[in-house]
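Chemist: To start, I am sharing the structure in question, which I have written as structure tokens.
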Amino acid sequence: MRPTASQIRAFNAVAHEGSFAKAANRLHVSQPAVTLQVRGLEDAYGVVLFDRRGSYVTMTEIGRQLFEVTDQIGTLEEEVDELLSAQYELVSGSLTIATGSPQVTMHLVSAFQRRYPQCSLTVVIGNAGENAEAIINRRAEIACITEPKDDPRLVAIPFSSSEIVVLVPTGHPLAGEKYLRMETLTSERLIVRVDKSFTQQLVSRHMAESGIIVTPAMFVEGREAMQAAVAAGLGIGFIFDTEVGEDPRVKTVRLGREGIRSIEKIICLKAQARRRLVKAFLDLARELQAKEFRSAKRLKP
Numbered sequence: 222m223r224p225t226a227s228q229i230r231a232f233n234a235v236a237h238e239g240s241f242a243k244a245a246n247r248l249h250v251s252q253p254a255v256t257l258q259v260r261g262l263e264d265a266y267g268v269v270l271f272d273r274r275g276s277y278v279t280m281t282e283i284g285r286q287l288f289e290v291t292d293q294i295g296t297l298e299e300e301v302d303e304l305l306s307a308q309y310e311l312v313s314g315s316l317t318i319a320t321g322s323p324q325v326t327m328h329l330v331s332a333f334q335r336r337y338p339q340c341s342l343t344v345v346i347g348n349a350g351e352n353a354e355a356i357i358n359r360r361a362e363i364a365c366i367t368e369p370k371d372d373p374r375l376v377a378i379p380f381s382s383s384e385i386v387v388l389v390p391t392g393h394p395l396a397g398e399k400y401l402r403m404e405t406l407t408s409e410r411l412i413v414r415v416d417k418s419f420t421q422q423l424v425s426r427h428m429a430e431s432g433i434i435v436t437p438a439m440f441v442e443g444r445e446a447m448q449a450a451v452a453a454g455l456g457i458g459f460i461f462d463t464e465v466g467e468d469p470r471v472k473t474v475r476l477g478r479e480g481i482r483s484i485e486k487i488i489c490l491k492a493q494a495r496r497r498l499v500k501a502f503l504d505l506a507r508e509l510q511a512k513e514f515r516s517a518k519r520l521k522p
């Protein structure tokens, strides 16, 4: 006996939503119908695909293995739907975009919205690890991530470059400096992010390679909390120059003459890259990146 398309569709919906009730809403059917399809699949092969815990479920190991195979079917269905629907002309549709740097991403989002005004865009904010996970688990189609890890499942397009700078209160004695050496910061009160911040990982790696040991004075979660703490005069921190925004309470100072730079990339699953909306977003990212490169080349002395 082979699994039916309805059984696979029900299984994938529960795997995506983590709930039979939400899966039923996703498929526009009743919850008992979804439960019947999943149980039929489990009974036919004598396996347990989900651990039931109240109203929410988690995949078992065999469930996760099955999801890696069957989730491609959902992508194929989406491609067929796009081919045969209004999305063929890119007049409608929706995308979820995950980013840790809205200041970097929003002008790309804005350009896409102007080009395709009837497309619905959702932007979610998270750190690099959360955004990469959102792509892998298909909670988002597009993500903007600083130096993403190599993954054969992903397409990655270089989009922009950022530099880590020292963030200090406006009235701080270091605020007027042009460059700062890492060694000069060992006597300062250092504010460190405790989330999976790529900024903090890069700074910590640079410190370790330079043999610098710093005891943090404060731990915060998130870029906004770190910037607010610096603005309140509680210490200094590190941030990418593209993420500061217009904030008169703080100043940025370069870290050395050459600085610590990294590349933001637009990523998506290879299995999603053929979808017309995703492809259009990637094409626009390449177009804008090429324009910025040509502009920078013209301005170079």
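Converting from the sequence shown to the working numbering requires adding 221 to each position, the first position being numbered 1. All residues carry an ideal CB built from backbone N, CA and C; glycine is no exception.
#1: For Val-386 and Ala-492, what's the separation of their Cα atoms in angstroms?
#2: Look at Ile-412 and Gly-458 and say whether their C-beta atoms are less than 7 Å apart.
#3: Considering only DSSP beta bridges, list what Met-280 is partnered with.
#4: Distance, Cα to Cα, Phe-333 vs Thr-420?
#5: Give the range of the alpha helix (DSSP H) segment to which Met-403 is assigned.
#6: Is Val-325 buried or exposed, if buried means 16 or more other CB atoms sit within 10 Å of its CB?
#7: May I ask you to check if the CB of Gln-258 is nearer than 6 Å to at least one heavy atom of the ligand MG?
#8: Expressed to the nearest angstrom, what Euclidean distance is found between the alpha-carbon atoms of Gly-314 and Glu-238?
#9: Quick check on this structure: which residue in Arg-274, Val-268, Tyr-277 has the alpha carbon closest to the alpha carbon of Leu-287?
#10: DSSP state of Arg-507, grouped into three classes?
#11: By a C-beta neighbour count over all protein chains shown, 10 Å radius and 16 as the cutoff for buried, is Pro-369 buried or exposed?
#12: So, do the region 355-375 and the region 496-508 have three or more beta carbon pairs nearer to each other than 8 Å?
#13: How close, in whole Å, do the beta carbons of Gln-252 and Ser-227 come, if the pair is a contact with beta carbons under 8 Å?
#14: In the DSSP output, which residue or residues are listed as bridge partners for Leu-476?
#15: Need the endpoints of the alpha helix (DSSP H) that Glu-351 sits in, please.
#16: Quick one, which of Asp-372, Thr-225, Ser-276 has its alpha-carbon nearest Glu-263's?
#17: Can you round the beta-carbon distance between Thr-463 and Ser-383 to whole angstroms, since I take them to be within the 8 Å contact cut?
#18: Taking C-alpha atoms, which residue in Arg-336, Gln-422, Thr-291 lies nearest to Gly-350?
#19: I need the straight-line Cα distance from Gly-432 to Gly-456, nearest angstrom please.
#20: Measuring straight from C-alpha to C-alpha, what distance separates Leu-498 and Leu-297?
#21: Which residue comes first and which comes last in the beta strand (DSSP E) that contains Glu-163?
Modeler: This is what the structure gives:
#1: Computed Cα separation, rounded: 36 Å.
#2: Cβ atoms of Ile-412 and Gly-458: closer than 7 Å.
#3: Looking at the DSSP assignment, Met-280 forms a beta bridge with Phe-271.
#4: Using only the alpha carbons, I get a separation of about 27 Å.
#5: DSSP places Met-403 outside any alpha helix (DSSP H), giving it a letter other than H or E.
#6: Burial call: buried.
#7: The ligand MG is not part of this structure, which contains no ligands at all.
#8: Rounded to the nearest angstrom, the two C-alpha atoms are 20 Å apart.
#9: When only C-alpha atoms are compared, the closest one is Val-268.
#10: DSSP places Arg-507 in the helix class (H, G or I) of the three-state scheme.
#11: Label assigned to Pro-369: buried.
#12: With a cut-off of 8 Å on Cβ pairs, the region 355-375 is in contact with the region 496-508, counting three or more such pairs.
#13: The C-beta separation of Gln-252 from Ser-227 comes to about 15 Å, leaving the pair out of contact by the 8 Å criterion.
#14: DSSP, once it has assigned bridges, lists Leu-401 as partnering Leu-476.
#15: From DSSP, the alpha helix (DSSP H) with Glu-351 extends over 349-357.
#16: Selection Asp-372, Thr-225, Ser-276 evaluated against Glu-263 yields Thr-225 as nearest (Cα-Cα).
#17: Going by Cβ atoms, the distance from Thr-463 to Ser-383 rounds to 5 Å, so yes, they are a contact pair.
#18: Among Arg-336, Gln-422, Thr-291, the Cα nearest to that of Gly-350 belongs to Gln-422.
#19: A straight-line Cα-Cα distance of about 22 Å links Gly-432 and Gly-456.
#20: Between Leu-498 and Leu-297, the alpha-carbon positions lie close to 14 Å from each other.
#21: Absent from the model: residue 163. The displayed extent of the chain is 222 to 522, so no value can be given.
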